[in-house]
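Numbering (the numbering used here), first residue to last: 166 to 585.
A short write-up of the structure that comes next.
Right, here's the structure in full:
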C-alpha cells in the first residue's frame with residue numbers, strides 16, 4: 166500500500182514516507198527544527214554557519230568524501246537554513262537510499278567542527294553575505310523583515326551579520342548543535358521508490374543513538390511594522406510593502422494564499438495587469454506570503470524607475486484599498502484553480518513531496534493530505550476573502566526600499582492613503 170505513512174522512533178525521531186513505486190529515484194532528507202529564529206542576537210548566523218560546517222568532515226569522512234559518496238552514484242546532496250527549519254537532503258537512484266541516509270546521518274551526528282575548517286568556512290559565509298548585500302532585491306527583503314519584527318530573532322537575517330559571523334567561536338557552533346540536534350527535533354522524510362518499512366529500518370540503524378530531547382519552541386514573535394529606506398546609486402527602486410499576515414496552516418493562511426495569487430500571483434493578476442500592462446510602471450511585480458508557526462506577513466515586491474515611483478506608489482495603494490470591495494467570483498475561481506494546479510503539479514516531484522512531508526511534520530506534527538489542502542482552498546469564499554483583505558489594513562504597514570527613491574512620497578503619506 167502506497168501513500169504517506171508516519172512512524173515515531175523511541176528517541177522521538179519521526180519517519181515519514183511518501184512511496185512512489187513508479188519512479189526510479191528517491192528524495193530523502195532530515196529536517197531539523199533549528200532555524201535562524203532559535204538564535205540569540207549574539208550568535209546571529211550560527212544556524213546557517215553550522216549547516217555549512219556539517220559538510221566539512223566527520224569522524225568517518227572528509228569533506229571531499231562526503232560529496233563523493235553521493236555524487237559517485239549520480240546523486241546530489243544539499244542543505245538550506247530557513248527561519249524555522251534547517252534541512253539536509255539528497256536525491257539518488259532507488260538503490261542508493263541507504264547510502265544517502267548513511268551520509269546525512271553521519272553529518273548530523275559526527276561532524277568534527279575543526280577549528281581550521283571553521284576559520285575557512287567563516288570566510289566562505291562572509292563572502293556569501295557580501296554577495297547577498299550586493300544584490301538589492303535580497304537586501305530589501307532582509308530590511309523588510311527587520312522592520313516587520315524589530316528587535317526579535319524573526320527579524321534578523323538568516324545569513325547573520327558579518328561582524329558576528331566573522332568572530333563566531335567554535336563553542337557557539339557546538340552549543341547550538343547540542344541544544345537543537347536531537348531526536349525530538351528531527352524528521353526523516355523520503356518520497357520516491359522506497360517503502361516505509363525500508364525507511365524505518367534505515368532511520369533506526371543510523372539515528373537510534375540520538376538522545377530524545379525536547380522540541381524547543383522558538384522565541385515568540387510580534388509584528389510591528391514601520392519603514393526602512395536605503396539610498397543607493399541603482400537603476401531602480403526596489404520596493405517591498407507588506408502587512409501582518411497569518412500563521413502557516415491557519416484558515417486565514419489559506420485565504421491569504423488565494424488573495425495573494427489573485428492580487429499579484431501571475432500575468433492575469435490585478436497588479437500585473439494594472440501596474441505593468443496598463444501603466445508600464447514596472448517590469449516585475451509580485452505578491453508574497455511568508456508564514457511562520459505563530460505569524461506571518463503578506464506583501465508586494467516590485468522594482469520601478471526613480472521617475473516612475475511617484476506614480477507607482479499611489480497606484481499600488483489604490484489597488485490595495487479597493488481590493489476588499491471589488492473582488493469577483495470569476496477571479497477567485499481562477500486563483501483557486503491556479504493554487505490547486507500548482508499543488509497537484511508539485512506532487513509529480515519527489516523533492517517537492519519529501520520537502521512537504523518534512524516541513525509539515527515539523528510544523529504540524531502531521532502531513533496534511535492533498536485532498537484536505539484542496540478542500541481548504543475551495544472553502545475560501547468571496548466573503549472570506551473580502552474580510553481578510555480588509556483585515557490587512559488593520560495593521561501598520563511595513564515598507565522597505567533600496568535605491569534612488571527621492572521622488573517617493575513619505576511613509577506617513579502612504580499610511581494615510583491606506584487608511585482612507
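For each residue, glycine too, the CB sits at the ideal point set by N, CA and C.
Computed from a predicted structure; not experimentally measured.
Starting from residue 535, trace the alpha helix (DSSP H) both ways and give me its first and last residue.
Counting from 1 along the chain shown, the entry for residue 535 is found at position 370. Run containing residue 535: 535–543, per the alpha helix (DSSP H) assignment.
Less than 8 Å separating the beta-carbons of residue 395 and residue 567?
As a position in the chain shown, residue 395 is number 230, starting the count at 1. As a position in the chain shown, residue 567 is number 402, starting the count at 1. Yes.
Taking the alpha-carbon of residue 527 as reference, which of 168, 199, 186 and 185 has the nearest alpha-carbon?
Here the question's residue 527 lines up with position 362 in the chain shown. Answer by Cα proximity: 199.
By a C-beta neighbour count over all protein chains shown, 10 Å radius and 16 as the cutoff for buried, is residue 562 buried or exposed?
What you label residue 562 is simply residue 397 of the chain shown in a count that begins at 1. Counting Cβ neighbours within 10 Å, residue 562 comes out buried, since at least 16 surround it.
Beta-carbon of residue 424 versus every beta-carbon of chain D: anything under 8 Å?
The chain inventory of the structure shown lacks chain D, comprising one protein chain alone.
Measure the CB-CB distance between residue 421 and residue 453 and report whether it falls below 8 Å.
Locating residue 421 in the chain shown gives position 256, where the first residue counts as 1. Locating residue 453 in the chain shown gives position 288, where the first residue counts as 1. Their beta carbons are not under 8 Å apart, which means residue 421 does not touch residue 453 by this criterion.
Using a Cβ-Cβ cut-off of 8 Å (strictly less than) and excluding sequence neighbours within five positions of residue 441, which residues of its own chain qualify?
Working through the chain shown from its first residue, we reach residue 441 at position 276. Closer than 8 Å at Cβ, skipping near neighbours: 447, 448, 449 and 450.
Quick one: Cα of residue 375 to Cα of residue 571, how far?
Here residue 375 corresponds to residue number 210 of the chain shown, with the count starting at 1. Here residue 571 corresponds to residue number 406 of the chain shown, with the count starting at 1. Those two C-alpha atoms are separated by around 56 Å.
In the DSSP assignment, what are the bridge partners of residue 149?
The requested residue 149 is not part of the displayed model; the chain covers only 166 to 585.
Determine the contact status of residue 250 and residue 368, defining contact as a CB-CB distance below 8 Å.
Along the chain shown, one-based indexing puts residue 250 at 85. Along the chain shown, one-based indexing puts residue 368 at 203. No, the pair does not count as a contact, with Cβ atoms beyond the cut-off.
Using 8 Å as the cut-off, can you tell me whether the segment 353–360 makes contact with the segment 314–321, which would need three or more C-beta pairs spanning the two stretches below that distance?
With a cut-off of 8 Å, the segment 314–321 and the segment 353–360 do not count as touching, because too few Cβ pairs lie within range.
What three-state label does DSSP hand residue 332 in the structure shown?
One-based indexing of the chain shown puts residue 332 at position 167. Note: residue 332 maps to coil in three-state DSSP.
Using a Cβ-Cβ cut-off of 7 Å (strictly less than) and excluding sequence neighbours within five positions of residue 346, which residues of its own chain qualify?
Within the chain shown, residue 346 is the residue found at index 181, counting from 1. Excluding positions up to five away in sequence, the list reads 197, 199 and 273.
Who are the Cβ neighbours of residue 529 in its own chain at under 7 Å, not counting the five residues just before and after it?
On the chain shown, residue 529 is found 364 positions in, with the first residue counted as 1. Closer than 7 Å at Cβ, skipping near neighbours: 414.
Using three-state DSSP, classify residue 290 as helix, strand or coil.
The count along the chain shown starts at 1 and reaches residue 290 at position 125. In the structure shown, residue 290 sits in a helix (DSSP, three-state: H, G or I).
Report yes if the CB atom of residue 492 is closer than 8 Å to the CB atom of residue 578, and no otherwise.
Working through the chain shown from its first residue, we reach residue 492 at position 327. Working through the chain shown from its first residue, we reach residue 578 at position 413. Against a cut-off of 8 Å, the Cβ pair of residue 578 and residue 492 comes out as no contact.
Could you check the C-alpha separation between residue 302 and residue 403 for me, to the nearest Å?
For this step, residue 302 is matched to residue 137 along the chain shown. For this step, residue 403 is matched to residue 238 along the chain shown. Rounded to the nearest angstrom, the two C-alpha atoms are 6 Å apart.
How far does the alpha helix (DSSP H) with residue 241 in it extend, from its first residue to its last?
Within the chain shown, numbered from 1, the residue matching residue 241 stands at position 76. Note, residue 241: premise wrong, no alpha helix (DSSP H); beta strand (DSSP E) at 241–246.
Does residue 269 come out as helix, strand or coil in the three-state DSSP assignment?
As a first step, residue 269 is located in the chain shown; it is residue number 104 there, counting from the start. Here residue 269 sits in helix by DSSP.
Does the Cβ of residue 229 have 16 or more other Cβ atoms within 10 Å, making it buried, or fewer, making it exposed?
Taking the first residue of the chain shown as 1, we reach residue 229 at position 64. Exposed, because fewer than 16 other Cβ atoms sit within 10 Å of the Cβ of residue 229.
By the 10 Å Cβ neighbour count, where 16 or more other Cβ atoms means buried, how is residue 206 classified, buried or exposed?
Against the chain shown, residue 206 aligns to sequence position 41. Result: exposed.
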